[in-house]
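Chains L and G, in that order, are what the protein sequence lines are. Quick note: to get my numbering, add 3 to the position in the first sequence (first position is 1). Quick note: to get my numbering, add 401 to the position in the second sequence (first position is 1). Below is one structure, written out as structure tokens; comments come after it.
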Amino acid sequence: MNALEVKNVSFSYDGKTNVLDNVSLNLKKGELVCILGVSGGGKTTLFNVISGLLQPQSGRVLLNGEDITGQTGKISYMLQKDLLLPFRTVEDNAALPLIIKGTKKKEAREIVGEHFAQFGLDGFQKKYPAELSGGMRQRAALLRTYMFGGSAALLDEPFSALDTLTKSAMHRWYLDVMDRIKLSTIFITHDVDEAILLSDRVYLLGGKPASVTDEIIIDEPKPRSADFNLTQEFLEYKRDIISKIR
Amino acid sequence: MKEKLQSTINKALPVIVALLLIVGLWVWLCSSGAVPKFMLPSPSDVWNAFVGDWQLMLKHAGTTLAETFIGLFFGIAVGFLAAVAMSRFIFVRKSLYPIIVISQTIPTIAIAPLLVLWLGFGMLPKIVLVVIIVFFPISISMLEGLSSVDKDTVNLVRTMGASRVQIFRYVKLPSSLGHFFSGLKISVSYAVVGAVLAEWMGGNQGLGSYLAKVRKAYSYDKMFAVIILISALSLLLIWLTGFLQKKITPWEKINDSRL
Numbered sequence: 004m005n006a007l008e009v010k011n012v013s014f015s016y017d018g019k020t021n022v023l024d025n026v027s028l029n030l031k032k033g034e035l036v037c038i039l040g041v042s043g044g045g046k047t048t049l050f051n052v053i054s055g056l057l058q059p060q061s062g063r064v065l066l067n068g069e070d071i072t073g074q075t076g077k078i079s080y081m082l083q084k085d086l087l088l089p090f091r092t093v094e095d096n097a098a099l100p101l102i103i104k105g106t107k108k109k110e111a112r113e114i115v116g117e118h119f120a121q122f123g124l125d126g127f128q129k130k131y132p133a134e135l136s137g138g139m140r141q142r143a144a145l146l147r148t149y150m151f152g153g154s155a156a157l158l159d160e161p162f163s164a165l166d167t168l169t170k171s172a173m174h175r176w177y178l179d180v181m182d183r184i185k186l187s188t189i190f191i192t193h194d195v196d197e198a199i200l201l202s203d204r205v206y207l208l209g210g211k212p213a214s215v216t217d218e219i220i221i222d223e224p225k226p227r228s229a230d231f232n233l234t235q236e237f238l239e240y241k242r243d244i245i246s247k248i249r
Numbered sequence: 402m403k404e405k406l407q408s409t410i411n412k413a414l415p416v417i418v419a420l421l422l423i424v425g426l427w428v429w430l431c432s433s434g435a436v437p438k439f440m441l442p443s444p445s446d447v448w449n450a451f452v453g454d455w456q457l458m459l460k461h462a463g464t465t466l467a468e469t470f471i472g473l474f475f476g477i478a479v480g481f482l483a484a485v486a487m488s489r490f491i492f493v494r495k496s497l498y499p500i501i502v503i504s505q506t507i508p509t510i511a512i513a514p515l516l517v518l519w520l521g522f523g524m525l526p527k528i529v530l531v532v533i534i535v536f537f538p539i540s541i542s543m544l545e546g547l548s549s550v551d552k553d554t555v556n557l558v559r560t561m562g563a564s565r566v567q568i569f570r571y572v573k574l575p576s577s578l579g580h581f582f583s584g585l586k587i588s589v590s591y592a593v594v595g596a597v598l599a600e601w602m603g604g605n606q607g608l609g610s611y612l613a614k615v616r617k618a619y620s621y622d623k624m625f626a627v628i629i630l631i632s633a634l635s636l637l638l639i640w641l642t643g644f645l646q647k648k649i650t651p652w653e654k655i656n657d658s659r660l
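Quick look at the structure:
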């Protein structure tokens with residue numbers, strides 16, 4: 004069963020030059036799929052189309068079989084910048100998607116509060132984002148994305164602004180959390196290692212205009228250990244992907 | 402606690418020293434006879450004038466403060482609404498913004514007598530002048546705040562399905578509070594002066610009219626006393642604004658301390 008399906012999407016900003024050309028991909032329930040491509044290659048544009056911020060010239064976006072092309076409020080989104088609102092506490096930031104849907108503030112806080120421990124944020128409910136480290140802020144942003152409660156989430160290079168050590172710690176944490184919450188996710192990255200480590204499948208997005216040039220299945224059981232990126236299989240995947248990017 | 406006291410002293414000490422020097426110079430000018438007494442009253446004369454007339458001054462101060470607060474209230478309301486309208490509709494912004502800027506080049510001292518002429522000797526012309534003065538910094542700084550909201554954040558909240566009103570309420574409005582308070586501090590410091598100016602031009606209520614009266618009587622000691630009272634009221638309002646800002650935007654303090 005596909006949670007999300009992108010069918011033959013083409014998009015251009017000016018009506019002449021296509022940025023996306025006939026892009027098709029799918030996301031199964033509970034799956035983590037990665038879109039790998041160079042920076043400025045149309046990945047973020049693709050996400051803006053999927054999330055409904057941009058209306059594609061042709062093609063459709065289906066969520067659980069329902070056409071949601073050009074509709075916002077269906078799929079949650081997380082960016083490289085955490086975009087936590089500096090004037091809301093961590094719990095109120097995480098509760099924002101619920102509040103927007105009409106949940107009462109007190110109730111929304113209670114619902115959100117149940118997940119703080121799971122996201123490694125316990126004790127930080129009443130803190131402001133400025134009081135948190137970069138890694139913590141990304142966790143809070145991910146919690147907010149999760150609280151949106153949609154059946155699919157889009158993560159746009161969520162860890163790329165972090166330093167290497169924080170990043171690998173976040174990968175370990177992320178694999179662990181994902182194993183428990185089973186959120187169907189599409190993940191953008193330009194980091195080959197990250198793509199192999201985290202995802203079930205990798206789509207290569209390339210060319211101008213951008214289209215899906217290849218699909219690689221990472222056939223490794225989950226949860227993966229953080230040492231996976233030191234194994235021979237990992238290197239095989241990496242060699243394969245790099246050769247296909249070129 | 403001890404550290405806090407220490408930092409307060411460190412902050413206040415230079416100002417206190419400077420003030421003492423000025424007052425010292427003032428006392429010396431009067432007592433040495435360098436400036437004749439009828440031109441510059443000594444600090445003790447001013448103090449005596451204040452003590453002798455304080456009930457009357459307080460009554461006038463009440464009027465002035467009432468005008469200031471009513472004017473502030475409506476000035477903030479109008480400035481806020483104008484900013485929201487300008488940020489929402491480009492047409493409103495393009496037509497209104499230049500007019501607002503031009504209106505500010507007209508000296509308030511020229512408007513004040515006109516307002517008295519049109520609106521009489523009561524509180525109304527004073528309130529209107531305060532509104533005119535307060536309106537500008539509020540609307541401009543609010544507009545700046547509303548326009549500088551991060552576009553990605555707005556998009557993010559849109560993907561959550563937020564309506565225009567919700568985006569305004571949860572993102573734009575709280576994001577502009579810092580700008581709003583910067584504008585308010587400027588507004589507040591001019592508001593009292595504006596009310597006093599309008600009172601000076603006509604009527605018999607308020608510190609401004611009292612000021613005009615004692616000037617005509619050449620009671621410079623009383624003039625000085627009123628001037629100091631007006632300054633004190635302005636300072637009090639500025640402090641109150643700062644206090645409100647800290648209460649309403651507690652996160653700003655944290656953000657500042659990390660810079």
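Heads up, the beta-carbon is just placed ideally off N, CA and C, and yes, glycines get one too.
query	result
Below 8 angstroms between beta carbons: does that hold for A450 (chain G) and K623 (chain G)?	yes
Would you mind working out which of L:L201, L:G76, L:K32 sits nearest M173 (chain L), comparing C-alpha positions?	L:L201
Residues bridged to R63 (chain L) by DSSP?	L:K10
Does the stretch 456 to 463 of chain G come within contact of the stretch 516 to 526 of chain G, defined as at least 3 CB pairs closer than 8 angstroms?	no
Ignoring anything shorter than 3 residues or poking outside the stretch 193 to 241 of chain L, list the beta strand (DSSP E) runs there in chain order.	204 to 209, 214 to 220
Residues of the stretch 446 to 461 of chain G with a CB closer than 8 angstroms to any CB of chain L: list them in chain order, please.	none
Alpha carbon to alpha carbon, how far is G40 (chain L) from E223 (chain L)?	22 angstroms
Between W652 (chain G) and chain L, is there a C-beta pair that is closer than 8 angstroms?	yes
Where does A618 (chain G) fall in DSSP's three states?	coil
Along the stretch 124 to 142 of chain L, where does the CB come closer than 8 angstroms to a CB of chain G? Name the residues.	Y131, A133, E134
Tell me, please, whether the CB atom of S548 (chain G) is closer than 8 angstroms to any CB atom in chain L?	no
Using 8 angstroms as the limit for Cβ to Cβ distance, is L641 (chain G) near chain L?	no
Hey, I191 (chain L) and K77 (chain L): beta-carbon distance below 8 angstroms or not?	no
Ignoring anything shorter than 3 residues, give me the beta strand (DSSP E) runs that lie fully in the stretch 115 to 163 of chain L, in order along the chain.	156 to 159
Does the count of Cβ pairs from the stretch 461 to 478 of chain G and the stretch 648 to 655 of chain G closer than 8 angstroms reach three?	no
For K31 (chain L), report the span of its beta strand (DSSP E) as first-last.	23 to 31
Can you find a heavy atom of the ligand PLP that lies under 7 angstroms from the Cβ of G43 (chain L)?	In terms of ligand content, the structure shown is empty, and the ligand PLP therefore cannot be addressed.
Based on the DSSP secondary-structure assignment, which residues constitute the bridge partners of L35 (chain L)?	L:T188
Measuring only the C-alpha atoms, how far is L645 (chain G) from L406 (chain G)?	22 angstroms
Against N556 (chain G), what residues of chain L qualify as contacts under a CB-to-CB distance less than 7 angstroms, listed in chain order?	L56
For M440 (chain G), report the span of its beta strand (DSSP E) as first-last.	That residue, M440 (chain G), is in no beta strand (DSSP E); it is neither H nor E in DSSP.
Quick one: grab the DSSP three-state call for Y16 (chain L).	coil
Please report the straight-line C-alpha distance between D196 (chain L) and E404 (chain G), rounded to a whole angstrom.	50 angstroms
Within its chain, find whatever has a CB closer than 7 angstroms to the CB of L273 (chain L); leave out the 5 residues flanking it on each side and keep chain order.	The question about residue 273 (chain L) has no answer here: the residues shown for chain L are numbered 4 through 249.
Could you tell me which residues DSSP puts in a beta bridge with M81 (chain L)?	L:L158
Taking only the alpha-carbon atoms, compute the straight-line gap between G62 (chain L) and P212 (chain L) and give it to the nearest angstrom.	15 angstroms
Quick check on DSSP: helix, strand or coil for N5 (chain L)?	strand
Would you please state the rounded distance, in angstroms, between the beta carbons of V572 (chain G) and L634 (chain G)? I believe it to be under 8 angstroms.	With a Cβ gap of about 36 angstroms, V572 (chain G) and L634 (chain G) do not count as contacting.
For R659 (chain G), does the three-state DSSP call read helix, strand or coil?	Since pLDDT at R659 (chain G) reaches only 48, below the 50 mark, its modelled position is unreliable, and no value is offered.
Tell me which residues of the stretch 557 to 579 of chain G have at least one Cβ-Cβ distance to chain L shorter than 8 angstroms, keeping chain order.	L557, V558, R559, T560, M561, G562, A563, Q567, Y571, V572, P575, S576, L578
My understanding is that A483 (chain G) touches L497 (chain G), with C-beta atoms under 8 angstroms, so please give their C-beta distance in whole angstroms.	7 angstroms
Would you mind giving the Cβ-Cβ distance between T148 (chain L) and M81 (chain L), rounded to the nearest angstrom? I have them listed as a contact below 8 angstroms.	4 angstroms
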